[in-house]
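A short write-up of the structure that comes next.
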Amino acid sequence: MILHGMTGLIAAPPAAAGFHWLPPAATGGAGPVDGLFTTVLWLGLFSLTLLLGLLIVFALQFRRRGADDTGRRVRAEHPALAVGVAACAAAVAAYVFYAGAGVHQDLTTPPSDAYAVAAAADSGRVSWTYPNGYSADSLHVPAGRPVVVELTAVDAVYDLSIPAFRVGRDMVPGRETRLWFEAIEPGSYDVFAHRRGEAPGAAHASAITVEARADFEQWLAASSDILAGLTPVEGGRKLYTALTCNTCHSLDGSKMVGPSFKGLLGTERVFADGGRAVADAAYVRESMFEPQARVVAGFEAVMPSFQGRVGDREVEALMAFMESLDGDVQ
Amino acid sequence: MSGTWLNGMDSDRVGKLYLAVVVVTFVLGGVMALFLHTELASAGDTLLSSVEFGRFLSAHGLLMIFLFLAPAIPAVFGNLVLPRLLGAEATALPALGVMSWLLYALGALVIVPAALFGGLEGGWDFFAVFQAGAAPGLAATLLTLGVSLTAASLVCNGVNFILTIHRRPDASTGFYDLPVLAWTLYATAVVHILATVALVVTVTIISADAKAAGGLIDPAAGGDPGLPARWFWMFAHPFVYVSLLPAVGVITETLARTARQRAFAPRATAAAVVLYAALVCLTWGQHLFGSGDDLADTVHSGLALLTIVPAALFAMNWLGTLYGGAIRLSTAFWYALAAVAMLAVAGVSGLLTATPGPGAMLRGTLFAGAQFHYLVGGILFAFLAGLHMWWTVLFGRRPAEGSGTLGALLIVVGYNAAFAPRLLMGLRGATKGWSGPPGDLGILSVVGGGLLVVGLAVAVWSLLAAYRGGAPVAGAAD
Numbered sequence: 600m601i602l603h604g605m606t607g608l609i610a611a612p613p614a615a616a617g618f619h620w621l622p623p624a625a626t627g628g629a630g631p632v633d634g635l636f637t638t639v640l641w642l643g644l645f646s647l648t649l650l651l652g653l654l655i656v657f658a659l660q661f662r663r664r665g666a667d668d669t670g671r672r673v674r675a676e677h678p679a680l681a682v683g684v685a686a687c688a689a690a691v692a693a694y695v696f697y698a699g700a701g702v703h704q705d706l707t708t709p710p711s712d713a714y715a716v717a718a719a720a721d722s723g724r725v726s727w728t729y730p731n732g733y734s735a736d737s738l739h740v741p742a743g744r745p746v747v748v749e750l751t752a753v754d755a756v757y758d759l760s761i762p763a764f765r766v767g768r769d770m771v772p773g774r775e776t777r778l779w780f781e782a783i784e785p786g787s788y789d790v791f792a793h794r795r796g797e798a799p800g801a802a803h804a805s806a807i808t809v810e811a812r813a814d815f816e817q818w819l820a821a822s823s824d825i826l827a828g829l830t831p832v833e834g835g836r837k838l839y840t841a842l843t844c845n846t847c848h849s850l851d852g853s854k855m856v857g858p859s860f861k862g863l864l865g866t867e868r869v870f871a872d873g874g875r876a877v878a879d880a881a882y883v884r885e886s887m888f889e890p891q892a893r894v895v896a897g898f899e900a901v902m903p904s905f906q907g908r909v910g911d912r913e914v915e916a917l918m919a920f921m922e923s924l925d926g927d928v929q
Numbered sequence: 006m007s008g009t010w011l012n013g014m015d016s017d018r019v020g021k022l023y024l025a026v027v028v029v030t031f032v033l034g035g036v037m038a039l040f041l042h043t044e045l046a047s048a049g050d051t052l053l054s055s056v057e058f059g060r061f062l063s064a065h066g067l068l069m070i071f072l073f074l075a076p077a078i079p080a081v082f083g084n085l086v087l088p089r090l091l092g093a094e095a096t097a098l099p100a101l102g103v104m105s106w107l108l109y110a111l112g113a114l115v116i117v118p119a120a121l122f123g124g125l126e127g128g129w130d131f132f133a134v135f136q137a138g139a140a141p142g143l144a145a146t147l148l149t150l151g152v153s154l155t156a157a158s159l160v161c162n163g164v165n166f167i168l169t170i171h172r173r174p175d176a177s178t179g180f181y182d183l184p185v186l187a188w189t190l191y192a193t194a195v196v197h198i199l200a201t202v203a204l205v206v207t208v209t210i211i212s213a214d215a216k217a218a219g220g221l222i223d224p225a226a227g228g229d230p231g232l233p234a235r236w237f238w239m240f241a242h243p244f245v246y247v248s249l250l251p252a253v254g255v256i257t258e259t260l261a262r263t264a265r266q267r268a269f270a271p272r273a274t275a276a277a278v279v280l281y282a283a284l285v286c287l288t289w290g291q292h293l294f295g296s297g298d299d300l301a302d303t304v305h306s307g308l309a310l311l312t313i314v315p316a317a318l319f320a321m322n323w324l325g326t327l328y329g330g331a332i333r334l335s336t337a338f339w340y341a342l343a344a345v346a347m348l349a350v351a352g353v354s355g356l357l358t359a360t361p362g363p364g365a366m367l368r369g370t371l372f373a374g375a376q377f378h379y380l381v382g383g384i385l386f387a388f389l390a391g392l393h394m395w396w397t398v399l400f401g402r403r404p405a406e407g408s409g410t411l412g413a414l415l416i417v418v419g420y421n422a423a424f425a426p427r428l429l430m431g432l433r434g435a436t437k438g439w440s441g442p443p444g445d446l447g448i449l450s451v452v453g454g455g456l457l458v459v460g461l462a463v464a465v466w467s468l469l470a471a472y473r474g475g476a477p478v479a480g481a482a483d
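Protein chains in written order, with my numbering: chain A, 600 to 929; chain B, 6 to 483.
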């Protein structure tokens, strides 16, 4: 499962758009990475060319001229040369390490005001969750703002990489890792998640969409509006599963962890402290925002609060859905 | 060296038996690679389904690494050449050599079917099966057993070689005056023993944890699911990457003999061998870049970068050995030169993967996979250099230079055409999981794979022809 953009990138002949070792960089942090990469690459290529060039020159210069050619004896030991070579190599290693450690430090230290997104990998796919609780299969981020992605996984360890951003990280079950970037230009960029131990060819590709800030805010607001274009009853039905109400509340009157939604509205509720109240709009809102305030007798106080996650529209939609179960509203 | 391998007195026979099985497993692994490359040449599932592709890839890796890469040079040249280099008639404990071969052959008999039919799809680093609290299953259990048998065989070999070196006939020869190949075989033996201890400890802990439901790797029980990966690489990295050292030994001997020189700066080279052996035991963490432990990433990166020091000393040794020599431009020499070139490419690309920053970017890409194949290529070429170098000594007949050099040329061109494109594709972001339709680079890689197979066939044919009817020689190896 690979995006066409990815294969196009690999398939494109290098000369088509000028030769580049790496894909076009799309973040501010990519500059130092590319700079260090280029430095180390040319340093390595120079050393490689020098070594191979000298070996070939020596092979030709000192090729055997006849059966009795024994060559010229050279000193077998040359401690000063060996120390010099080792010192030069150590200096190169120290330089690369010093420069790389600085880049690594920058790459792993997100700014404190970075926009935080959570990512979780499970069953071969990655879901991205925004600060407002909205989750999606694709990632949108604002351009020109640092973004930190907090990573975890459920079923296995995943390799996550975003080539254009020059970042990659493991997604590990039970542990939170993170990466950060600041995308420069709006556009679409490949992101790969490969589950360790899975067959090659199963790299799960999706795309990161970078948008101007205003466009991003607009997209998030529109995408997060789960009720858009739906009737209140339809919206309530969607919320019933989206908010995972279905894990505790049945729709057929049967008792689960919590009371059933069917036949709830308008009935008198008896609480664990002996109090009583009719289940009206105010009661439903209180149950969602302050679930521990009054707990219905016979049930555990395990309902989580949805304060800050849903608003009046969502509560009204859920109530419309409850009413529809009793046949009052269609 | 009289007697047969059955009564345990003939290390020559052990070396030749190793050579036979090593070649068979290499051919098996190569056939799988051919299937894989052909599949990659076409869009969609043609020869292999995606599941079969994953299984073939796993089997190819397991065979090539545990049955060819790790044992090939130490087992073959350790038994066949080391005694001759030291002036001994045989290894110190030929019976241990026989036991080593039996363990190795048994390991191969377990690994091959388990890898081919076991359902493992994720590559040769089979630690992933121990994750997420899942039972490892029969295939993983058999693979663990097979790899353990292979490791045990190398431990037997290692003990045998260490004793052979210590009990060399001319004990007055100082350690620093030993041939570089002896140094590399000694260091490799020590690392194989240490790595095998790590493997035994790892398997014991995992088995005990599974039996006792200890939850060491289960995040739901507060365990760390990253532990199997760390344990696996603590064993596998030194076990596999130390294979470079015997290759360095063979290259050095080949260059020295073809140039009629003594190896240059043998003491500095010996020191480099020891340093590399120490570093290879400490740099397993580079496989875990990006796992979330930034301090560990930095430390492992620094240690991995230090490998530049022994690498530079090896290069100095090879240049100094050729300088002023009387070089016979033989097939063995060209293979040795090609081995140096392959290792140099592996070194430069390894430098990039070890550098903090770019290293994190390149993890898990085709670049990292191709870098490893360049290392394997260097070891393969050194193996071929050694075979051509000592074929006359071992079998009394000299391979034809024409067909030998043609084979070498085809292999060098094919190998680079197969894997250089993968370096570039990896730099552009292609992950190891890539299996999209082949672009120009992908097709070049597939064509290179085909050329490589043709070259290997020519090389094997050349050696077999020499074995059956080559020009008889008196055993001169230069």
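Note that the Cβ used here is the ideal one computed from N, Cα and C, for glycine as well.
Asked, Found
"Contact list for Leu738 of chain A against chain B, beta-carbon separation under 9 Å", "Residues of chain B passing the Cβ test: none, with the nearest at roughly 16 Å."
"For Gly627 of chain A and Leu2 of chain B, the rounded distance between their alpha carbons", "Here chain B has residues from 6 to 483 only, and residue 2 of chain B is not among them."
"Under the three-state DSSP convention, the category Phe898 of chain A falls into", "coil"
"Assumed close pair Thr638 of chain A, Asp299 of chain B - CB separation to whole angstroms, cut-off 8 Å", "Going by Cβ atoms, the distance from Thr638 of chain A to Asp299 of chain B rounds to 22 Å, so no, they are not a contact pair."
"Pair within 7 Å by beta-carbon distance, Val5 of chain B and Val103 of chain B", "Since the first residue of chain B shown is 6 and the last is 483, residue 5 of chain B is not available in this structure."
"Distance CB(Gly412 of chain B)-CB(Ser467 of chain B) smaller than 7 Å", "yes"
"Contact check, Val901 of chain A vs Ala871 of chain A, beta carbons under 7 Å", "no"
"Proximity test, Cβ basis, 7 Å: Ile448 of chain B and chain A", "no"
"Residues that Ser760 of chain A bridges to, as DSSP identifies them", "A:Gly767, A:Phe791"
"Ala137 of chain B to Ala719 of chain A span [Cα, whole Å]", "At Ala137 of chain B, the pLDDT of 46 sits below 50, so the modelled position is not reliable and the matter cannot be decided from this model."
"Near-chain A residues of the region 177-192 of chain B (beta-carbon distance less than 9 Å), N- to C-terminal order", "none"
"Own chain, CB closer than 6 Å to Asp721 of chain A, minus 5 neighbours either side, in chain order", "Val753, Asp754"
"Sequence ranges, alpha helix (DSSP H) only - wholly within the region 248-291 of chain B, length at least 4", "249-263, 271-287"
"Under 7 Å between C-beta atoms of Pro745 of chain A and Trp779 of chain A", "yes"
"Which of helix, strand or coil DSSP assigns to Ser726 of chain A", "strand"
"CB contact below 7 Å: Ser296 of chain B versus chain A", "yes"
"Between the CA atoms of Gly227 of chain B and Ala234 of chain B - distance to the nearest angstrom", "17 Å"
"Span separating the alpha-carbon of Ser248 of chain B from that of Gly786 of chain A", "45 Å"
"Classification of Arg836 of chain A by the beta-carbon crowding that lies within 10 angstroms, buried from 16 upward", "buried"
"Within chain B, partners of Asp789 of chain A - CB distance below 9 Å", "Gly434"
"Whole-angstrom distance between Arg403 of chain B and Trp396 of chain B, CA atom to CA atom", "7 Å"
"DSSP-derived helix/strand/coil call for Gly434 of chain B", "coil"
"Length of the line joining the Cα atoms of Pro741 of chain A and Arg768 of chain A", "21 Å"
"Simplified DSSP assignment, three categories, for Thr155 of chain B", "helix"
"Contact check, Thr326 of chain B vs Leu260 of chain B, beta carbons under 7 Å", "yes"
"Nearest candidate by alpha-carbon position, reference Arg795 of chain A, set B:Phe73, B:Ser63, B:Met366", "B:Ser63"
"Closest by C-alpha distance to Pro251 of chain B, when choosing among B:Gly83, B:Val304, B:Phe424, B:Ala435", "B:Gly83"
"Where the beta strand (DSSP E) through Ala715 of chain A begins and ends", "714-721"
"Check whether Asp824 of chain A and His793 of chain A have beta carbons under 7 Å apart", "no"
"Cross-chain neighbours of Phe661 of chain A in chain B, by beta carbon under 8 Å", "Ala264, Leu327, Tyr328, Gly329, Gly330, Ala331, Ile332"
"Between the CA atoms of Leu52 of chain B and Thr43 of chain B - distance to the nearest angstrom", "8 Å"
"Arg368 of chain B, enclosing alpha helix (DSSP H) - first and last residue", "That residue, Arg368 of chain B, is in no alpha helix (DSSP H); it is neither H nor E in DSSP."
"Proximity test, Cβ basis, 7 Å: Pro233 of chain B and chain A", "no"
"Chain B within 7 Å of Pro961 of chain A, Cβ atoms only", "Residue 961 of chain A lies beyond the stretch modelled for chain A, which goes from 600 to 929, so this question has no answer here."
"Those runs of the alpha helix (DSSP H) which lie wholly inside the region 350-429 of chain B and span at least 4 residues", "363-367, 371-400"
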